[in-house]
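The structure appears right after this line, and notes come after that.
Residue numbers (this note's numbering): 203 to 1044.
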């Protein structure tokens, strides 16, 4: 026969679940990625079909295979593995048979038949009918060594009781795990807090069961149940629980691709864990506040597309998720609003970041009285407005008022603390960056990773500066709108032109100033144009000194800088030089300064004319405060990027060490591992088998996702179709969200990355999916900005207002329908984009 009927784990990796069944496929994936699985393999579907035709032939082939694996006289476990079993939507839990401690030839054949025949039992057939599965069951059979066992049981990468996703639930008993999975005893139940809001795991709940029965192997084969004396003790020690929890999270990340929770059967030999099964969790309660749980579950990538539009690499997400989920609770914590502990507010869907927008709308509407429409305007995205109506009695209104007052006080305190916070964080990260990492052990590097997360998650004022940056603007636009109906937002936006020192705008200006300096130095200008080594310039070169100062201030930043796999500007200046090369002939600084000065002065004059004196003065004070809030938000984000810079520094050092040990093929492979992977590697709990296959699988998945267009909104797990922006004027324009006042006309330049900046001509309208700080230098040369997503607090919106550039964001689908070079009129006051001429400008 060309295909072996009995396949060991390596051979089975070349088969599909249609040949070896779902349970075996899960074990094959575990083995492939280096998890500890007992030696063995699988009799495929074809072999099981031959069991009644020629059982001796099947048994002979199986015995030959087991002998090759050194399992000739070893007690065995035989488990069913039906096609369709242990899948995303069908677990077959408790339906099919397993036989443990199988001994002897006759016992093996009986176990094979018993497990195979369980697929045809009444309960199995009823389950198949319930799932709408027709046809004859197709069975494969797992045959593997019995794992040495002191304790065993099941573990979930979530809490199946209430649906909480930041906890690992463990059920354990002494002896074999059949007493737990078969419901034959009252096991210990342990809950380990992991991930999301806790960079370090800990045992959060502990309930010691009666453990009144223990399943044990019999010397002659098979198992028996023994009554215990019921003496209280813990079957699995705390330290082993923490190890198991991290192992289960790694299985979720590896087999479930960070999204699909896993149900794992395990055994513990006193030192190590053996994995006996891993399958997707098929049903999970919805862990949300009761009013929100009754609504559709809505996930939006709106604000993520500004800072991280591409898929996350594993290490980037594993070190960012804690901070992201913590920031999303900052306003509620500051306002004293009750927060459902452990609720997931951000997660990955097909590798990209999404916010749980229905819960966020509820948080702000229920806690503070902010309508869902306001939340949408601030965050951006293309989701609808959905939120249950909270109670409207005087008690609830009073609670909302008190929450707003508490949050306002907390924001004010955070703003006062900001200079010291920024200075302290800068000093700490610079100290770590300059430390000689070669003097640190592997374990110290991992501890430093986790300590950075712990310190950041404890820094509530910094979270608040990032999450609550629009209060003064909302008050300003509402105040002006009372006296100038329909123009409150546009005038408020115009007042923010040149209103503050915004760090993500300043690095664009400073780069333009460097380009001006390069014009005066022929050698510097040549290096900028040709991308040469600027360090060859004389030490007294003003351009060289200026670039050194620039890198001191902004060297921690990068294009799409929250992805720690992307090189920082201090590491690679090629993008900076190519951007300056586009500025050598025209930098746009003078036009921008004149434009934003006029825009702000005109707005100030209109406000003074339209509002009574005390209120006009209040409006100008609110404008100054709103500008300061935007500046603090961008600086707080810059501090977050400083932490990411240090994490990259630590990761590359680990990558160099693992490459030196021949565990990784390249230093940058480290970004395809999670922090838990690295922790298990350096602690010796994982010695690295399968690491190359895991890295390659994740690299392949990441490359595929880079080519895919992600859905903007996912509702109840289903992507929603891309919807074009509503037309503003017939079929020649679109409506979006105006976030920076003014009007401009220019040719459309469609770009998907700031690295394409050499295609941008002065005065053109930049049309992009989204923008992060890496795009800022391009803003100096554009006439207007249009993006497919974004909100008022998006980076592009903040910098466009600072530069006085008309901007309309949240225009879905415009990149796919607009012809390059088409003449556009962008109206930031009214949030419209109109095609005025379809032929490219010549």
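No residue lacks a Cβ here, since even glycine has one placed at the ideal position from N, Cα and C.
With respect to the beta strand (DSSP E) encompassing residue i, which residues constitute its N-terminal and C-terminal limits?
i, result
"residue 469", "464 to 470"
"residue 868", "Careful: residue 868 lies outside any beta strand (DSSP E) and carries neither H nor E."
"residue 679", "Unbroken run through residue 679 is the alpha helix (DSSP H), 673 to 685; no beta strand (DSSP E)."
"residue 358", "353 to 358"
"residue 551", "548 to 551"
Just to confirm the assignment, what range does the alpha helix (DSSP H) spanning residue i have?
i, result
"residue 559", "559 to 570"
"residue 690", "690 to 697"
"residue 303", "Residue 303 -> not in any alpha helix (DSSP H); beta strand (DSSP E) instead, spanning 300 to 304."
"residue 1026", "Careful: residue 1026 lies outside any alpha helix (DSSP H), inside the beta strand (DSSP E) at 1025 to 1029."
"residue 978", "978 to 981"
"residue 506", "506 to 509"
"residue 574", "574 to 581"
"residue 879", "877 to 885"
"residue 728", "724 to 732"
"residue 787", "From DSSP, residue 787 is part of no alpha helix (DSSP H); its letter is neither H nor E."
"residue 710", "705 to 721"
"residue 750", "744 to 756"
"residue 617", "596 to 636"
"residue 275", "Per DSSP, residue 275 belongs to no alpha helix (DSSP H) and is neither H nor E."
"residue 1001", "997 to 1005"
"residue 526", "516 to 529"
Assign residue i to buried or exposed, taking buried as 16 or more other Cβ atoms, counted over all protein chains shown, within 10 Å of its Cβ.
i, result
"residue 978", "buried"
"residue 967", "buried"
"residue 838", "buried"
"residue 996", "buried"
"residue 774", "exposed"
"residue 413", "buried"
"residue 763", "buried"
"residue 374", "buried"
"residue 825", "buried"
"residue 212", "exposed"
"residue 614", "exposed"
"residue 931", "Low local confidence applies: a pLDDT of 49 at residue 931 is under 50, so the model's placement there is unreliable, with the coordinate-based value given in what follows. Exposed."
"residue 882", "buried"
"residue 1013", "buried"
Am I right that residue i and residue j are in contact with their C-beta atoms under 8 Å? What's the rounded C-beta distance?
i, j, result
"residue 983", "residue 788", "7 Å"
"residue 392", "residue 449", "Their Cβ separation, rounded to whole angstroms, is 14 Å, which puts residue 392 and residue 449 out of contact at 8 Å."
"residue 382", "residue 447", "No, residue 382 and residue 447 are not in contact; Cβ-Cβ is about 17 Å, not under 8 Å."
"residue 355", "residue 379", "5 Å"
"residue 286", "residue 224", "6 Å"
"residue 416", "residue 377", "4 Å"
"residue 1011", "residue 999", "6 Å"
"residue 934", "residue 1037", "5 Å"
"residue 639", "residue 852", "7 Å"
"residue 1039", "residue 1008", "About 18 Å separates the two Cβ atoms, so there is no contact after all."
"residue 494", "residue 561", "6 Å"
Using a Cβ-Cβ cutoff of less than 6 Å, which residues in the same chain neighbour residue i once the five nearest sequence positions on both sides are dropped?
i, result
"residue 491", "542"
"residue 310", "304"
"residue 691", "679"
Closer than 8 Å by C-beta to residue i: which residues in its own chain qualify, once you throw out the five before and the five after it? Chain order, please.
i, result
"residue 919", "499"
"residue 777", "761, 771, 956, 957, 976"
"residue 737", "746"
"residue 570", "533, 537, 539, 602, 605, 606, 609"
"residue 1132", "In the structure as shown, the chain starts at 203 and stops at 1044, and residue 1132 therefore has no counterpart that could be examined."
Quick one: what's got a C-beta closer than 7 Å to residue i's C-beta in the same chain, skipping five residues either side?
i, result
"residue 828", "674, 675, 678, 698"
"residue 884", "644, 645, 648"
"residue 214", "222, 226, 230, 243, 244"
"residue 855", "639, 647"
Touch check for the region 882 to 900 and the region 221 to 241: three-plus C-beta pairs under 8 Å?
yes
The region 692 to 705 touching the region 713 to 733, judged by at least three CB pairs closer than 8 Å:
no
Three or more C-beta pairs under 8 Å: does that hold for the region 607 to 617 against the region 526 to 540?
In short, these stretches touch, since the Cβ pair count reaches three.
Is there contact here, the region 806 to 815 with the region 718 to 738, by at least three beta-carbon pairs under 8 Å?
They do not touch, by the three-pair rule.
Contact between the region 675 to 688 and the region 653 to 660 (3+ Cβ pairs under 8 Å):
no
Cβ contact (3+ pairs, closer than 8 Å) linking the region 900 to 916 and the region 478 to 489:
no
Examine the Cβ distances between the region 555 to 567 and the region 579 to 588 and report whether three or more of them are shorter than 8 Å.
yes
Decide yes or no for the touch test of the region 296 to 311 against the region 416 to 431: beta carbon pairs closer than 8 Å, at least 3 of them.
yes
Between the region 739 to 751 and the region 814 to 823, do three or more beta carbon pairs fall short of 8 Å?
no
Across the region 1020 to 1039 and the region 932 to 946, are there enough close Cβ pairs to call them in contact, namely three or more that are closer than 8 Å?
yes
Evaluate the contact criterion for the region 1014 to 1033 versus the region 514 to 533: three or more CB pairs, one atom per stretch, below 8 Å.
In this structure the region 1014 to 1033 does not lie against the region 514 to 533, because fewer than three pairs of beta carbons, one per stretch, are closer than 8 Å.
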